[in-house]
Amino acid sequence: FEACRSGLRFLGLVASIDPDRDGVPESVELARGAGIRVVMITGDYLKTAVAIARNVRILQAGDDEATAAVDCSQLRPGESYLPPNEMDALTASVRVFARARPEDKLEIVRSLQRQGAVTAMTGDGVNDAPALNQADIGVAMGIQGTEVAKGASDMILTDDNFCSIVSAVEKGRGIYAGIQKFVAFIMSVHIAEVMQIFVCIITGMPVMRTPLQILFLILVTDLPPSIALGMEPGEATVLQERPRPKEEPVVLNWMWFSMVLNGAVLSVVIILVYIFALLYYCGEILQTEINNVPNFESKLMDARTVAFISLVWAENVRSYCSRSFDKPFYVDLLGNKHMQHAIIMAQICLYVAVLLPFFSDKILQLRGIAIGIEGWLLALIGPIGCLVLCELCKLITGRQMQQYQSQLAMRHLAMDKARQEKADRMGFSKAAPEPQKIGKTTEAGASRF
3 FEACRSGLRF LGLVASIDPD RDGVPESVEL ARGAGIRVVM ITGDYLKTAV
53 AIARNVRILQ AGDDEATAAV DCSQLRPGES YLPPNEMDAL TASVRVFARA
103 RPEDKLEIVR SLQRQGAVTA MTGDGVNDAP ALNQADIGVA MGIQGTEVAK
153 GASDMILTDD NFCSIVSAVE KGRGIYAGIQ KFVAFIMSVH IAEVMQIFVC
203 IITGMPVMRT PLQILFLILV TDLPPSIALG MEPGEATVLQ ERPRPKEEPV
253 VLNWMWFSMV LNGAVLSVVI ILVYIFALLY YCGEILQTEI NNVPNFESKL
303 MDARTVAFIS LVWAENVRSY CSRSFDKPFY VDLLGNKHMQ HAIIMAQICL
353 YVAVLLPFFS DKILQLRGIA IGIEGWLLAL IGPIGCLVLC ELCKLITGRQ
403 MQQYQSQLAM RHLAMDKARQ EKADRMGFSK AAPEPQKIGK TTEAGASRF
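For the record, in the sequence shown the residue sitting at position 265 is 267 according to the numbering used here, with numbers rising by one throughout.
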């Protein structure tokens, strides 16, 4: 060595760094706000791992590096892994695992799953395959990832960017919320239609619409807006919500209440419109008395036409109200282009149904021209009343949503407390708290529910 360095002159040092990608620190913060716990598992030395974790905000200002970041040798003292209860207490609080072996990643994922966490794992190498396969969601790198890693994964990240994972979570939550809105809307309008027919039967009024009219409503005027709701863009606050429990049904109890409440509102409004129309055209509201009215078939058809038009308008208004369970209908009113297309389609079908000769009066038994301007104005009561009352119902629904989110937060805090107590008993200290948060990871991702 002495001979090799003789005659040399020191000029300086060259250092290199693999910087974190643009947007990753912000995405980690978004993930934390979404209730996702981000954990880093790396083969780097501990100090290097801590520095990287601080840069991308996996470790926060209040974290104690001595407990929030560990060398994976602590998982296997004496080359044997800790017992499951001790392993779980350690992984419950640590956010950075350094000098990790392939088998360490697998054990960490298993530990997180034992704690009830839905775990995502990202990786690119052959040695990541076991952990990718074990995780609930294995995410392989599409650019640098090996074919083995891709084959063991459930999802391939085409740009190898952590930011895309957070974006995918946001998109997935938006899709799930869209499904809920679709179900809530279609069920509420169907509940309303059943209520309307039921009330007509038990009160002795003429049945509000014929079977063919009901079929037309379901297939032509109800279905397009409901499909558009399923394609609703996610709300801006979707990443601020708590992750839902795995066992939770798609339709929650407060959603059932909302569906019945809004269905009842729609029914009351349309029944009132129908009663006014019967009184205007027939002079009576009961079937037995209407049968004695001269030319009662045509007059009854006029009253049904007014109720039909009013219902279609009210359901179209209701579809805009259904875009959010708690926000006013005018918030981002035109944000869903599919909804505009669906409403235009429904309106075109409505006017064809009530105005097209032969098809309207002979097939559907509707007379849009015969009802006159008075009938069309009377039909306006439906959408106006539905809009006002359904928006008022959101005051109740919004309160129920807040209570539901509070219950989830309390549940998360209770689990955090239980894990903290367990860690204390095992001799581990918890890192700085992430209030009401849950987890996913960069190398291993965990979501509590």
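Note that beta-carbon positions come from the ideal geometry of N, C-alpha and C, so glycine has one too.
One question on the structure: do residue i and residue j come within less than 9 Å of each other, judged by their Cβ atoms?
i, j, result
"glycine 387", "alanine 316", "yes"
"cysteine 284", "alanine 266", "no"
"valine 271", "isoleucine 383", "yes"
"valine 168", "serine 155", "no"
"lysine 301", "isoleucine 311", "no"
"alanine 36", "glutamine 242", "yes"
"glutamate 109", "leucine 77", "yes"
"histidine 343", "proline 208", "no"
"valine 26", "asparagine 163", "yes"
"methionine 403", "alanine 230", "no"
"threonine 223", "asparagine 338", "no"
"valine 295", "glutamate 286", "yes"
"serine 190", "serine 260", "yes"
"alanine 416", "arginine 244", "no"
"leucine 389", "phenylalanine 331", "yes"
Taking only the alpha-carbon atoms, compute the straight-line gap between residue i and residue j and give it to the nearest angstrom.
i, j, result
"arginine 450", "serine 113", "Residue placement at arginine 450 is poorly supported in this model, since its pLDDT is 33, which falls under 50; the coordinates still yield a value, given next. Roughly 12 Å separates the two Cα atoms."
"proline 79", "lysine 329", "54 Å"
"leucine 32", "proline 21", "20 Å"
"serine 269", "glycine 232", "24 Å"
"glutamate 88", "proline 251", "33 Å"
"arginine 116", "leucine 254", "26 Å"
"lysine 364", "tryptophan 378", "20 Å"
"proline 104", "aspartate 73", "14 Å"
"aspartate 157", "arginine 23", "According to the sequence shown, residue 157 is methionine rather than aspartate. Their Cα atoms are separated by approximately 21 Å."
"cysteine 323", "glutamate 195", "18 Å"
"alanine 235", "serine 228", "This sequence places proline at residue 235; alanine is not what is there. Rounded to whole angstroms, proline 235 to serine 228 spans 14 Å at the Cα level."
"isoleucine 375", "arginine 413", "57 Å"
"alanine 372", "tyrosine 353", "13 Å"
"glutamate 237", "phenylalanine 12", "60 Å"
"alanine 348", "phenylalanine 218", "11 Å"
"aspartate 334", "arginine 401", "21 Å"
"aspartate 161", "alanine 170", "12 Å"
"glutamine 136", "isoleucine 398", "43 Å"
"glutamine 438", "arginine 56", "Confidence in glutamine 438 is poor, its pLDDT being 41 and thus under 50, which makes the residue's placement too unreliable to answer from."
"glutamate 4", "aspartate 138", "56 Å"
Can you name, in chain order, every residue of its own chain whose Cβ lies under 7 Å from the Cβ of residue i, other than the five neighbours on each side?
i, result
"valine 240", "Glu172, Arg175, Gly176, Ala179"
"leucine 134", "Met123, Gly125, Gly140, Ala142, Ala151, Ala154, Ser155"
"threonine 212", "Gln367"
"cysteine 455", "Any question about residue 455 goes unanswered here, given that the chain covers just 3 to 451."
"threonine 93", "Ile110, Ser113, Leu114"
"alanine 51", "Met42, Thr44, Ala71, Val98, Ala100"
"isoleucine 277", "Ile287"
"methionine 257", "Gln182, Ala186"
"serine 166", "Leu159"
"cysteine 351", "Val222, Thr223"
"glycine 127", "Thr148, Ala151"
"isoleucine 199", "Val209, Met210"
"valine 262", "Ile193"
Please go through the same chain and pick out, in chain order, the residues whose beta-carbon is closer than 8 Å to the beta-carbon of residue i, but skip the five residues on each side of it.
i, result
"serine 8", "none"
"leucine 368", "Gln215, Met303, Arg306, Thr307, Phe310, Ala355, Val356, Ser362"
"aspartate 46", "Ile54, Ala100, Arg101"
"threonine 443", "Unreliable positioning characterises threonine 443 in this predicted model, as indicated by a pLDDT of 38, which lies under 50. The coordinate reading is nonetheless provided below. Only Arg39, Val40, Val41, Met42, Ile43, Thr121, Ala122, Met123, Thr124 meet the Cβ criterion."
"glycine 206", "Leu288, Gln289, Thr290"
"phenylalanine 298", "Cys284, Ile292"
Could you tell me which residues DSSP puts in a beta bridge with residue i?
i, result
"valine 240", "Paired residues: none, contrary to the question."
"leucine 159", "Met143"
"aspartate 73", "Ala100"
Report yes or no: is there a C-beta of chain B within less than 9 Å of the C-beta of residue i?
i, result
"glycine 176", "Absent here is chain B; the protein component of the structure consists of one chain."
Take residue i and list the residues in its own chain whose beta-carbon comes closer than 6 Å to its own, dropping the five residues that flank it on each side.
i, result
"lysine 396", "Asp328"
"methionine 67", "Sequence check: residue 67 is glutamate here, not methionine. The residues are Val52."
"proline 385", "Trp315, Ala316, Val319"
"asparagine 129", "Pro104"
For this session: Inspect the CB distances between the stretch 96–108 and the stretch 33–42 and report whether three or more fall short of 8 Å.
Result: yes
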